[in-house]
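What follows is a short report on a single structure.
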Amino acid sequence: MSKRVLGVTIPEAAGLLLLLAVGLIYLFPFYWMIVTSLKTLPETLVFPPSFFPKQLKFENYVDVWRTGPFPRYVFNSFLVAISATALQLVVAIPAAYAFARKRFKGSKIIYGLILSGMMLPMQVVIIPIYLLLSKWGLINTYAALIIPYMVSPFAIFLLSESFKQLPEDIIDAAKMEQMSEGRLVWSMLLPMIKQIVVTVTLLLFITHWNDLFWVLIMTSSEKLHTLTVGMIKLTNTEGTHWQLLMAANVILVAPIFAIYVFASKHIKSAFTYSGIK
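If you count by this note's numbering, then the sequence shown holds residues 349 to 625, one letter each, in order.
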């Protein structure tokens with residue numbers, strides 16, 4: 349029997365220390381980003397660096413907000429991320445249900461082709477999509493930032509696997525009650541896999557929120573630029589003003605962090621839901 353120290357065994361204590369060390373490794377960059385965003389410029393250039401500012405300078409956030417049309421960047425980021433995520437879910441949910449619970453000619457082949465899209469990075473298909481959107485006159489529009497993301501193979505796959513794990517008896521009972529398929533999916537099945545839906549929604553939102561490549565390719569107008577593009581402009585204009593760059597990073601990360609805190613319970617449940625690993 350292992351010797352206990354303060355109520356825990358030595359292996360358990362070693363495991364806790366390891367988890368604490370890993371946690372600090374992951375959390376320290378965020379701490380350093382926030383601390384640096386509250387320093388003065390001379391403090392950011394001091395070596396060795398200080399781990400806490402001598403004077404909290406919240407004015408850095410005001411200065412960042414004034415360096416460019418940051419309110420517009422924030423609006424565009426939310427508009428594009430929310431719209432693209434909603435559109436993908438509207439397409440993915442019925443598609444996932446169909447592939448999970450319906451059998452039609454060529455369904456396996458179509459499903460395989462959709463899943464193969466997960467292996468193709470956006471950069472591979474950028475030229476044909478760009479030419480198509482240009483032909484339609486959609487370059488430099490919000491549509492160019494949203495429509496190409498209409499189908500998400502990842503969302504279809506994860507939701508489809510979740511629908512497959514639901515008991516068949518529930519679906520049979522709903523059909524006996526003459527419930528329409530639309531009502532069955534949206535009123536009964538989705539609430540049963542809400543943890544998966546929340547997790548997929550969060551991951552899709554983060555993907556679009558952090559997108560830089562597609563925005564740079566499809567837009568040249570500042571009215572359509574998002575926060576990620578604003579960060580690049582800030583880097584080019586402010587140079588070594590690290591306190592402003594870190595303040596801008598905090599603004600960029602804050603919505604994602606807030607959403608994660610709100611949805612963390614569902615995310616944890618998603619990874620244990622019905623044995624999903």
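Glycine residues also receive a C-beta, built at the ideal position from the N, C-alpha and C atoms.
- Residue environment analysis places F561 among the exposed positions, since fewer than 16 neighbouring C-beta atoms fall within 10 angstroms of its C-beta.
- Counting other Cβ atoms within 10 Å of its Cβ, W557 reaches 16 or more and is therefore classed as buried.
- Excluding the 5 residues flanking it on each side, S568 has same chain C-beta neighbours closer than 7 Å at N488, in chain order.
- In this structure, the CA atom of G460 is about 18 Å from the CA atom of Y497.
- Under the three-state reduction of DSSP output, G530 falls in the helix class.
- In the DSSP annotation of this structure, the continuous segment of the alpha helix (DSSP H) that includes G460 starts and ends at 455-464.
- 8 Å or more divides the Cβ of Y379 from the Cβ of V428.
- Of all C-beta pairs linking the region 381-400 to the region 593-601, three or more are shorter than 8 Å, placing the two stretches in contact.
- Residue state for T415 is assigned as coil, using DSSP reduced to three classes.
- Of the residues assessed, E391 falls on the buried side of the cut-off, its CB having 16 or more other CB atoms within 10 angstroms.
- If you ignore the 5 residues before and after P501, its C-beta comes within less than 6 Å of the C-beta of I462, L463, G465, M466, all in its own chain and listed in chain order.
- A distance of 8 Å or more separates the beta carbons of L514 and I441.
- Per the C-alpha coordinates, the member of L593, Q436, I373, R420 positioned closest to V545 is Q436.
- Within the region 380-437, the runs of alpha helix (DSSP H) at least 4 residues long that lie entirely inside it are, in chain order, 389-392, 407-414.
- Sequence-distant partners of L552 (beyond 5 residues in either direction) whose C-beta falls short of 7 Å from its own C-beta, in its chain, are T433, Q436, S500, A503.
- T415 is not a Cβ neighbour of L575, given a cutoff of 8 Å.
- Closest in C-alpha terms to V438, from the list E525, S425, L538, comes L538.
- Rounded to whole angstroms, the gap between the alpha carbons of F452 and A446 is 9 Å.
- K402 and K571 have their C-alpha atoms spaced approximately 38 Å apart.
- No Cβ-Cβ contact shorter than 8 Å links N408 with L564.
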